[in-house]
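S.K.:
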Amino acid sequence: MAHAHPLTLRSLSFSGDGTFYTVGLGSCGKKNSDSDLVAALSVDLMDGGKSCGKKIKISTSKGSVTATVVDTCPGCAKGSLDLSISAFEAVGEIDDGRISIKWSFL
1 MAHAHPLTLR SLSFSGDGTF YTVGLGSCGK KNSDSDLVAA LSVDLMDGGK SCGKKIKIST
61 SKGSVTATVV DTCPGCAKGS LDLSISAFEA VGEIDDGRIS IKWSFL
């Protein structure tokens, strides 16, 4: 499988579903909390951990937030993200559970 060049990933915009989860020790090896602005990417976009620590900008009709990639979301489709509660609340309502998002690497 060919790997996308980092500059190529930065120029891409993704869309999908945004969900939230209880944050803890992520696949990038660091422990985070629900108050941190962090996200988990799909397995293919994590690219074996190469996306760890990258910043992403997530946007919805409610607003936008910048989060750091710290984890893998095995159940996420490409373009979908699992967000910390704080990151999710910045762009959606917890009661919604799942929201439409657009995002890109910074």
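For the record, in the sequence shown the residue sitting at position 33 is 33 according to UniProt numbering, with numbers rising by one throughout.
Using N, Cα and C, we set each Cβ at its ideal position, and we do this for glycine too.
(1) Express the C-alpha separation of F105 and H5 in angstroms, rounding to a whole number.
(2) Does the distance from the C-beta atom of L37 to that of S86 stay below 8 Å?
(3) Where do the N-terminal and C-terminal ends of the beta strand (DSSP E) with A67 fall, by residue?
(4) Would you grab the beta carbon distance between T19 and D82 for me? Rounded to a whole angstrom, and I think it's under 8 Å.
(5) Find out if the Cβ-Cβ distance for the pair G24, K31 is shorter than 8 Å.
(6) Taking DSSP as the reference, what is the three-state secondary structure of A77?
(7) Within its chain, find whatever has a CB closer than 8 Å to the CB of C28; leave out the 5 residues flanking it on each side and keep chain order.
M.R.: Put simply:
(1) To locate residue 5, count along the sequence shown from 1; it is residue 5. To locate residue 105, count along the sequence shown from 1; it is residue 105. Low confidence applies to H5: its pLDDT is 47, below 50, so where it sits in the model is not reliable, and the reading given next is rough at best. When rounded, the distance between both Cα atoms is 12 Å.
(2) Within the sequence shown, numbered from 1, the residue matching residue 37 stands at position 37. Within the sequence shown, numbered from 1, the residue matching residue 86 stands at position 86. Their beta carbons are under 8 Å apart, which means L37 touches S86 by this criterion.
(3) In the sequence shown, residue 67 corresponds to position 67, counting from 1. Its beta strand (DSSP E) spans residues 64-73.
(4) Against the sequence shown, residue 19 aligns to sequence position 19. Against the sequence shown, residue 82 aligns to sequence position 82. Taking C-beta atoms under 8 Å as the contact rule, T19 and D82 qualify, at a distance of about 5 Å.
(5) For this step, residue 24 is matched to residue 24 along the sequence shown. For this step, residue 31 is matched to residue 31 along the sequence shown. Result yes, Cβ atoms of G24 and K31 sit closer than 8 Å.
(6) As a position in the sequence shown, residue 77 is number 77, starting the count at 1. Secondary structure of A77 (DSSP, three-state): coil.
(7) Position 28 of the sequence shown, counted from the first residue, corresponds to residue 28. G49, C52, G53, V69, V70, D71.
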